[in-house]
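A quick write-up on the structure given underneath.
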Amino acid sequence: MTSPEVEQAVVLTHDDWGRIIALLSVRDGDIAGAEDAVAGAVERALHTWPSKGIPQNPSGWIYRTALNLRRDVWKSAAHRTSVELNSEVHEALQPSINAGLDELPDSRLQLLAACAHPDIDPATRPLLMLSAVLGLPTRRIAEGMILPAATVAARLTRAKKKIATNGLQMHVPDRSELHACLSSIHEAIYGVFTIEWANAATDLREDLAGEAVYLSELVSALCPDDGESHGLAALIHLSVARFNARRSPSGALVPLDDQDPTMWNASHLAKGEWHLREVHRCGEIGRYAIEASIQALHMQGVRTGKPNWHALLRQHDHLLRIAPSLGARVSRAATLQHAEGGAAALAALSSLPKAAESYQPAWVLRSHLYRAMGRNQDAISTLERAMTLTTITSEHEHLAKLLTRWKQRA
1220 MTSPEVEQAV VLTHDDWGRI IALLSVRDGD IAGAEDAVAG AVERALHTWP SKGIPQNPSG
1280 WIYRTALNLR RDVWKSAAHR TSVELNSEVH EALQPSINAG LDELPDSRLQ LLAACAHPDI
1340 DPATRPLLML SAVLGLPTRR IAEGMILPAA TVAARLTRAK KKIATNGLQM HVPDRSELHA
1400 CLSSIHEAIY GVFTIEWANA ATDLREDLAG EAVYLSELVS ALCPDDGESH GLAALIHLSV
1460 ARFNARRSPS GALVPLDDQD PTMWNASHLA KGEWHLREVH RCGEIGRYAI EASIQALHMQ
1520 GVRTGKPNWH ALLRQHDHLL RIAPSLGARV SRAATLQHAE GGAAALAALS SLPKAAESYQ
1580 PAWVLRSHLY RAMGRNQDAI STLERAMTLT TITSEHEHLA KLLTRWKQRA
């Protein structure tokens, strides 16, 4: 029977599974095979550690056992005749059987690059990172991404098969590849974060947003001179810092301007600010860095009670020049309300493309603008329209309560 101490020791190795999977899969591109080997090693640990004792280096034991399991596959005749092996990686792994995990090369950048390869469907890339780099089970990924487990399993199977059989060999991207590769990696990580950020209602560490924090830190550590990697980490940390303040005790959403800064997480705030300083050290200001700067400037205004709306407007203009998007334009319109007035903000919303007609944040902002201008019936009708476009339960409840108050005061 497995003891609680053994189970806890195995759990503590989880953070290293991504590195182990990367080390194993970089040899032949078989991510699924590497995952199976790690799962097999974990199963052996649960059966052997209770009687033989917990090893001094549990993660190293998991790696060495998983490596032996993969070697059994690599030695098979079928595998030798069907898969082209990376001999350089094989030689690098040969003397490492007695090495600790920290003594081995870090292959996670290759694994991240493979997960974000252009031949992999963009919608599958975040799922692949969560599965391969973080070792999350399909069920948990499906719950976090609000997808059927069968859909997630099918996408992962297709992607891993493509990597293993279609020549998407994992290698460290050279300078010519790095920028495009990192862009795809950043996009996938941010996709994980934004989906979970919208739906998380409990302890963030237990949600996929916490995994996005981990991935952003991993990428910035693996690519310390890439400004956008630091920008992404800054943006995620600053957002996570506000997690405990973004909902009232009843669970209602609390806008940033109304949040209590004393409830912000000081550790995440400090990490976000550090990554912003690293952005400036790198000298590269991209989309994520600008979004992080906007958030940091806005948070500073909430703390001091003196928001600099004109500076925020300039930051939004900068963002729209390099990364125009519907969300950025709506955010700029919200800032424009404070910098130049409600009429200017409404005019900005009126100039949005047709896609904005089904974009819920635009309708929420428009309703608040009407309310501030005394156009109460217009405010109510636009808020009702926003509610029809809301799929997140907590947001719908928040808007419903707001609508009730407005109708009572109309």
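In terms of the working numbering, the sequence shown is residues 1220 to 1629. Note that beta-carbon positions come from the ideal geometry of N, C-alpha and C, so glycine has one too.
{"Asked": "Can you tell me whether DSSP reads R1466 as helix, strand or coil?", "Found": "strand"}
{"Asked": "If we count the other Cβ atoms within 10 Å of its Cβ and call it buried at 16 or more, is H1456 buried or exposed?", "Found": "buried"}
{"Asked": "Among A1258, A1460 and S1486, whose alpha-carbon lies nearest the alpha-carbon of Q1478?", "Found": "A1460"}
{"Asked": "Suppose the cutoff is 7 Å on Cβ atoms and the five residues either side in sequence are ignored; what does the same chain contact list for L1243 look like?", "Found": "A1253, A1256, A1285, L1286 and R1289"}
{"Asked": "Please list, in chain order, all residues of the same chain as A1537 whose beta carbon is under 6 Å from its beta carbon, the five residues on each side excluded.", "Found": "According to the sequence displayed, residue 1537 carries His and not Ala. Closer than 6 Å at Cβ, skipping near neighbours: I1509."}
{"Asked": "To the nearest angstrom, report how far apart S1550 and R1540 are at their CA atoms.", "Found": "14 Å"}
{"Asked": "What does a CB cutoff of less than 6 Å around L1531 pick up in its chain, not counting 5 residues either side in sequence?", "Found": "L1516 and T1554"}
{"Asked": "Cβ atoms of H1233 and G1354: under 9 Å apart, would you say?", "Found": "yes"}
{"Asked": "Would you give the residue range spanned by the alpha helix (DSSP H) that K1271 belongs to?", "Found": "I1250 to K1271"}
{"Asked": "Going by alpha carbons, who is nearest to T1343 out of R1358, M1364 and L1328?", "Found": "M1364"}
{"Asked": "Which one or two residues does DSSP pair with L1472 in a beta bridge?", "Found": "R1466"}
{"Asked": "When you compare only the Cα positions, how much space is there between C1334 and D1249?", "Found": "12 Å"}
{"Asked": "Between the stretch 1433-1453 and the stretch 1487-1502, do three or more beta carbon pairs fall short of 8 Å?", "Found": "yes"}
{"Asked": "Determine the direct distance from the alpha carbon of T1601 to that of L1346, and round the result to whole angstroms.", "Found": "36 Å"}
{"Asked": "Should L1621 be counted as a contact of the ligand SAM given a C-beta to heavy atom distance under 8 Å?", "Found": "As presented, the structure is devoid of all ligands, the ligand SAM included, so that no description of it is given."}
{"Asked": "I need the boundaries of the alpha helix (DSSP H) containing R1238, first residue and last residue.", "Found": "W1236 to S1244"}
{"Asked": "Ends of the alpha helix (DSSP H) at G1546?", "Found": "L1545 to E1559"}
{"Asked": "May I have the straight-line CA-CA distance separating I1513 from A1575, to the nearest angstrom?", "Found": "22 Å"}
{"Asked": "Name the two residues that bound the continuous alpha helix (DSSP H) containing K1626.", "Found": "T1612 to R1628"}
{"Asked": "I need the boundaries of the alpha helix (DSSP H) containing R1290, first residue and last residue.", "Found": "P1277 to W1293"}
{"Asked": "Grouping DSSP H, G and I as helix and E and B as strand, with all else coil, what is L1355?", "Found": "coil"}
{"Asked": "Between I1360 and G1446, which are expected to be in contact by the criterion C-beta below 8 Å, what is the C-beta distance as a whole number of angstroms?", "Found": "At roughly 30 Å, the Cβ-Cβ gap does not stay under 8 Å, so I1360 and G1446 are not in contact."}
{"Asked": "Using only CA atoms, which one of G1237, W1416, I1273 and V1245 lies nearest to E1196?", "Found": "With the chain covering only 1220 through 1629, there is no way to say anything about residue 1196."}
{"Asked": "Exposed or buried, what is A1563 when buried is set at 16 or more other beta-carbons lying within 10 Å of its beta-carbon?", "Found": "exposed"}
{"Asked": "When you compare the CB positions of L1330 and I1240, do they come within less than 9 Å of one another, or not?", "Found": "yes"}
{"Asked": "Would K1380 be called buried (16 or more neighbouring beta carbons within 10 Å of its own) or exposed?", "Found": "exposed"}
{"Asked": "Return the CA-CA distance between S1270 and I1281, expressed in angstroms with no decimal places.", "Found": "16 Å"}
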